[in-house]
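Written out below as structure tokens is the structure these notes cover.
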Amino acid sequence: MTEISNVTHKIIGVAVIWNNEKQILIDRRLPTGTMANLWEFPGGKIETGETIEECIEREILEELGIKIEVGKHLITVDHTYPHLRVTLTVHHCHYLSGIPQAIECAEVRWVGLDELDNFDFPEANGEIIAALRKR
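All you need for my numbering is the position in the sequence shown, starting with 1, plus 70.
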């Protein structure tokens with residue numbers, strides 16, 4: 071028997087943004103709210119009528135002020151936290167232009183794949199990091 075959960079379900083487009091130096095752009099969540107101060111791969115909630123690719127492009131421009139090209143799908147992660155269920159649809163993205171700014175986050179940073187263990191990420195991001203290491 072399946073348990074029906076009353077937690078909110080969010081479908082989120084997530085970008086793994088690569089620059090020409092093979093670094094990934096991560097951002098640190100604001101110090102308030104759920105999962106405060108944790109690092110994450112940027113992205114956001116899909117809006118009605120939007121494709122995942124359009125969502126990712128829009129969110130990155132709104133939250134970080136940069137233009138990206140959305141590339142191939144990496145992984146889809148379904149994860150349930152005590153307060154929230156998320157479906158993270160993750161795409162490789164290529165950085166095109168602009169200077170990354172912390173518009174809706176506390177900090178942004180370019181890091182190498184081997185540096186990701188130095189940052190605290192929300193639990194669901196572990197599957198993304200594992201998928202990146204397999205590529």
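We put the CB at the ideal spot given by N, CA and C, even for glycine. Just so you know, these numbers come straight off a predicted model, no measurement behind them.
DSSP three-state label for residue i, please.
{"i": "residue 92", "result": "coil"}
{"i": "residue 194", "result": "coil"}
{"i": "residue 154", "result": "strand"}
{"i": "residue 186", "result": "helix"}
{"i": "residue 144", "result": "strand"}
{"i": "residue 110", "result": "strand"}
{"i": "residue 139", "result": "strand"}
If we call anything under 7 Å between Cβ atoms a contact, is residue i one with residue j?
{"i": "residue 133", "j": "residue 173", "result": "yes"}
{"i": "residue 125", "j": "residue 168", "result": "no"}
{"i": "residue 137", "j": "residue 115", "result": "no"}
{"i": "residue 160", "j": "residue 144", "result": "yes"}
{"i": "residue 164", "j": "residue 139", "result": "yes"}
On the DSSP bridge list, what partners appear for residue i?
{"i": "residue 177", "result": "98"}
{"i": "residue 85", "result": "161"}
{"i": "residue 285", "result": "For residue 285 there is no data in the structure shown, the boundaries of the chain being 71 and 205."}
{"i": "residue 115", "result": "82"}
Got a sec: is the Cβ-Cβ distance from residue i to anything in chain B below 7 Å?
{"i": "residue 86", "result": "Judged by its chain identifiers, the structure shown contains no chain B, having just a single protein chain."}
Looking at residue i and the ligand MN, is the gap between the Cβ and the nearest heavy atom below 6 Å?
{"i": "residue 181", "result": "Looking at this structure, you won't find the ligand MN or any other ligand, since it has none at all."}
Rounded C-beta distance between residue i and residue j? I'm assuming under 8 Å.
{"i": "residue 181", "j": "residue 94", "result": "6 Å"}
{"i": "residue 111", "j": "residue 96", "result": "6 Å"}
{"i": "residue 101", "j": "residue 176", "result": "6 Å"}
- Message: Counting beta carbon pairs with one atom in the segment 138 to 150 and one in the segment 176 to 191, are three or more of them shorter than 8 Å?
- Response: No: fewer than three Cβ pairs fall under 8 Å.
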